[in-house]
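Residue numbers (the working numbering): 4 to 247.
Don't be surprised by glycine CBs; every beta carbon is placed ideally from N, CA and C.
Just so you know, these numbers come straight off a predicted model, no measurement behind them.
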Amino acid sequence: MSVVYKKSKMLTDTPFHYCPGCTHGVAHRIVAEVLEEIGAEGNVIGIAPVGCAVFAYNYFNCDIQQVAHGRAPAAATGAKRCNPDKIVFAYQGDGDLASIGTAEIVHAAARGENITVIFINNAIYGMTGGQMAPTTLLGQKSTTSQKGRSAIVNGNPIRVSEMLAVLDGPSYIERVSLGDVAGVIKAKKAVKKAFENQKAGKGFSMVEMLSTCPTNWGMLPLDACTFVKKEMTKVFPLGVFKDI
4 MSVVYKKSKM LTDTPFHYCP GCTHGVAHRI VAEVLEEIGA EGNVIGIAPV
54 GCAVFAYNYF NCDIQQVAHG RAPAAATGAK RCNPDKIVFA YQGDGDLASI
104 GTAEIVHAAA RGENITVIFI NNAIYGMTGG QMAPTTLLGQ KSTTSQKGRS
154 AIVNGNPIRV SEMLAVLDGP SYIERVSLGD VAGVIKAKKA VKKAFENQKA
204 GKGFSMVEML STCPTNWGML PLDACTFVKK EMTKVFPLGV FKDI
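Next up, the structure:
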């Protein structure tokens, strides 16, 4: 029998805890495979914040530091400056990166820190109970916007990739989707480019991944993938926003 797929060496044998249909696991696999492919095994430092991604230290086969909510870019900055020969990445959700951690991501990008940020955008606070996030769509219901997000009451969704792309510091920013196989293939190419940029010393890179949260969206996994492709991409268009 021929082997068609095997787990990356950059992943441990710990079973994922994520809800059925959540694409955090897909994102983990992509990151791990890319790190292995670029020969970074044994030379990686990851930063895990608060949120669904908090247990990343159980899954990635590398040194992982857990930090306070939103502070991953700041911690990644310190780790990279102290260990410039290491590959350093932050793995963050939208509630973490785009809310309590807004200042950290903006200033890390503005400084052009030579780190890679994997930004999981599932338009909601997943781990803490399904509250509205900075990326929640207009009209989308959550535990704190039970009639749907209102622009007047709650403001508009924040497009992080577009916002950071206007800064001088970033070298590469792209938004991809994990809603289907084609999107996953493109996402892996984007992540590989982001890490290769770091190896080349080009500075700050971020890949935003549109992801699913079937549990807090109240959807079946397949319907959640459809929501990503048909609804989220209207507000968060896919593509490269900066590439130097």
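Collapsed DSSP secondary structure at M209 in the structure displayed: DSSP, read as helix, strand or coil, puts M209 in strand.
Inter-stretch contact at 8 Å, needing at least 3 Cβ pairs: the region 62–74 / the region 167–185: Result no; under three Cβ-Cβ pairs closer than 8 Å.
Buried versus exposed, by CB contacts within 10 Å (16 or more), P23: Exposed is the call here.
Supposed close pair T236, S180 - CB separation, criterion 8 Å: Rounded, the Cβ-Cβ distance is 6 Å, consistent with contact.
Supposed contact pair N124 and E211 - C-beta distance, whole angstroms, cut 8 Å: About 6 Å; that satisfies the 8 Å criterion.
T146, buried or exposed, once every other Cβ within 10 Å from all chains shown has been counted against 16: Flag for T146 reads exposed.
For L141, three-class secondary structure by DSSP: Looking at L141 - three-state DSSP - the assignment turns out to be strand.
Inter-residue Cα distance where the pair is G54 and N219: Cα atoms of G54 and N219: separation of roughly 14 Å, rounded to the nearest angstrom.
Classification of T119 by the beta-carbon crowding that lies within 10 angstroms, buried from 16 upward: Buried, since its Cβ has 16 or more Cβ neighbours within 10 Å.
CB of T138 within 8 Å of CB of D97, strictly: Between T138 and D97, the gap from beta carbon to beta carbon is short of 8 Å.
Reference M209; option with closest CA among S5, Y60 and V34: The shortest C-alpha separation from M209 is found at V34.
Burial state of P76 (16 or more Cβ within 10 Å): Residue environment for P76: buried (at least 16 other C-beta atoms within 10 angstroms of its C-beta).
S148: first and last residue of the uninterrupted beta strand (DSSP E) it sits in: Per DSSP, S148 lies in no beta strand (DSSP E) segment and is marked neither H nor E.
Member of Y8, K189 and Y21 whose CA lies at the smallest distance from the CA of P224: Nearest to P224 by alpha-carbon distance, out of Y8, K189 and Y21, is Y21.
For F239, the three-state DSSP class (helix, strand or coil): In the structure shown, F239 sits in coil (DSSP, three-state: anything other than H, G, I, E or B).
Whether I48 touches C65 by CB criterion (8 Å): Yes, the Cβ-Cβ distance between I48 and C65 is below 8 Å.
Where V231 falls, given that 16 or more other Cβ within 10 Å makes a residue buried: Looking at its Cβ environment, which holds 16 or more other Cβ atoms inside 10 Å, V231 is buried.
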